[in-house]
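A quick write-up on the structure given underneath.
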Amino acid sequence: MSDPGPAHRRFSGDTLVVASHNPGKVREIADLLAPFGLSRVISAGELDLPEPEETGTTFAANAELKAHAAAVASRHPALSDDSGLEVHALDGAPGIYSARWGGPDKDFGLAMARVNTELGDAADRRANFTCALTLAWPDGHRETFEGRVFGDLVWPPRGEKGFGYDPIFRPDGHPITFAEMEPTAKHAMSHRADAFRQLVAACFATRG
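Numbering (the numbering used here), first residue to last: 89 to 296.
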C-alpha cells in the first residue's frame with residue numbers, strides 16, 4: 089500500500105479497544121483486525137466502560153463520540169463503529185436509529201418485523217447498510233471512514249449466521265442473505281469491510 093501521507097495518523101500500538109458492547113459487532117471487528125498482529129484487542133464491554141449516549145445525527149458523529157469516550161476512559165486507542173440499515177422507500181429509516189427500532193432490549197426480530205410492516209406492499213425494497221468507523225486516540229485525535237453495501241430486503245428472515253438486520257438483507261449479486269453467508273464471505277463485501285479497507289490504507293499501511 090502507498091504511504092498515507094501526513095494527513096493521517098498511523099496506528100503503532102499493540103492494544104486496541106473496540107468501543108462496543110455488541111458481541112456480534114466486536115467479533116466482526118476483531119476478525120478484521122486479526123492480520124495486524126495486535127497483542128490485545130479488547131471490547132468496551134469487557135472493560136466495563138459505560139456506553140455514552142448517542143446524540144449525533146449521523147453515523148460518523150456517533151462513531152466519533154463513542155470512540156473518543158472509550159479512548160479517554162481506557163487510555164488506549166479505540167475503534168468505534170456506528171452502523172445501520174437505510175431503507176430507500178422509508179427515506180433512509182431506520183438509519184442511525186437501527187438498534188432502537190428493536191425497542192429497549194434491542195430485539196432485532198422486532199426491528200426486522202417493523203421494517204417489513206412499514207414497507208407494506210412497496211415495490212421498492214432497495215436498502216443499504218452504512219458503517220462509519222472511527223479510530224480515536226486518548227489525546228483527542230481521530231480518523232473516520234464510511235463504507236456502504238447495497239442490496240434488497242427479503243421476507244421472511246433467512247439464515248442464522250449474522251446479527252442485526254442480516255437475515256433480511258440480500259446484497260447485490262448474491263442469492264442469499266448476509267445471515268446465510270459464511271462470515272468470511274460477508275467480511276469480504278460488507279459495509280464494515282468497505283470502511284475498514286479505507287482505515288487500513290490510511291492508518292495501518294506501515295504495519296506488518
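The beta carbon of each residue, even a glycine, is placed where N, CA and C say it ideally should be.
These figures come from a predicted structure and were not determined experimentally.
- Query: If you drop the 5 nearest sequence neighbours on each side, which residues of the same chain put their C-beta closer than 6 Å to that of ILE117?
  - Reply: As a working note, residue 117 is residue 29 in the sequence shown. Excluding positions up to five away in sequence, the list reads VAL106.
- Item | Assigned secondary structure, THR205 (DSSP; H/G/I helix, E/B strand, else coil) | Numbered from 1 along the sequence shown, position 117 holds the residue referred to as residue 205. Three-state result, THR205: helix.
- In this structure, does DSSP put LEU104 in helix, strand or coil? Locating residue 104 in the sequence shown gives position 16, counting from the first residue. Residue state, collapsed to three classes: strand.
- Query: On the three-state DSSP scale, how would you describe ALA159?
  - Reply: If you number the sequence shown from 1, residue 159 lands on position 71. Helix.
- Query: For the alpha helix (DSSP H) that ARG115 lies in, which residues bound it at each end?
  - Reply: Here residue 115 refers to the residue found at position 27 when the sequence shown is read from its first residue. 111-121 is the extent of the alpha helix (DSSP H) around ARG115.
- Query: Under 7 Å from any heavy atom of the ligand HEM, does the C-beta of LEU137 make it?
  - Reply: Absence of the ligand HEM is noted for the structure shown, with no ligands found whatsoever.
- Look up ARG214 in the DSSP assignment and give the residues it is bridged to. Looking up residue 214 in the sequence shown gives position 126. ASP240.
- Item | C-alpha gap between GLY112 and LYS249, whole angstroms | One-based indexing of the sequence shown puts residue 112 at position 24. One-based indexing of the sequence shown puts residue 249 at position 161. Rounded to the nearest angstrom, the two C-alpha atoms are 10 Å apart.
- Same chain, Cβ closer than 6 Å to GLY239, neighbours up to 5 away in sequence not counted: By one-based count along the sequence shown, residue 239 stands at place 151. If we look at GLY239 and ignore the five residues flanking it on each side, its Cβ neighbours are PHE257, ARG258, PRO259, ASP260.
- Item | Residue environment, ALA166, which counts as buried when at least 16 other CB atoms sit within 10 Å | Within the sequence shown, the letter at position 78 stands for residue 166. With 16 or more other Cβ atoms within 10 Å, it is buried.
- Item | Exposure label - TYR185; buried when at least 16 CB within 10 Å | For this step, residue 185 is matched to residue 97 along the sequence shown. It counts as exposed.
- Express the C-alpha separation of PHE284 and ASP169 in angstroms, rounding to a whole number. Walking along the sequence shown from the start, residue 169 turns up at place 81. Walking along the sequence shown from the start, residue 284 turns up at place 196. Looking at the two C-alpha atoms, the distance is approximately 10 Å.
- Query: Ordered along the chain, which non-local residues of its own chain (more than five positions away) have a Cβ less than 7 Å from that of ARG230?
  - Reply: By one-based count along the sequence shown, residue 230 stands at place 142. For ARG230, where only same-chain residues beyond five positions count, the Cβ hits under 7 Å are GLU152, ALA155, HIS156, THR222, LEU223, ALA224.
- Kindly indicate which three-state DSSP category THR232 falls into: helix, strand or coil? Against the sequence shown, residue 232 aligns to sequence position 144. Three-state result, THR232: strand.
- Run through DSSP, which three-state label would ARG45 get? As shown, the chain starts at 89 and ends at 296. That puts residue 45 outside it, with no answer to give.
- Please state whether DSSP places LEU135 in a helix, a strand or coil. Position 47 of the sequence shown, counted from the first residue, corresponds to residue 135. In the structure shown, LEU135 sits in coil (DSSP, three-state: anything other than H, G, I, E or B).
- Taking the alpha carbon of PHE251 as the point to measure from, which residue in PRO271, ILE130, PRO263, VAL237 has its own alpha carbon closest? Position 163 of the sequence shown, counted from the first residue, corresponds to residue 251. Among PRO271, ILE130, PRO263, VAL237, the Cα nearest to that of PHE251 is on PRO271.
- Query: Who are the Cβ neighbours of GLY191 in its own chain at under 7 Å, not counting the five residues just before and after it?
  - Reply: Locating residue 191 in the sequence shown gives position 103, counting from the first residue. Closer than 7 Å at the Cβ level, and outside the excluded window around GLY191, lie LEU198.
- In terms of alpha-carbon separation, which member of THR218, ASP193, GLY133, ASP254 lies closest to PRO244? Mapped onto the sequence shown, residue 244 falls at position 156. The residue with the shortest Cα to Cα distance from PRO244 is ASP254.
- Message: In the DSSP output, which residue or residues are listed as bridge partners for GLY197?
- Response: As a working note, residue 197 is residue 109 in the sequence shown. The partner list for GLY197 (beta bridge, DSSP) is empty, contrary to what the question assumes.
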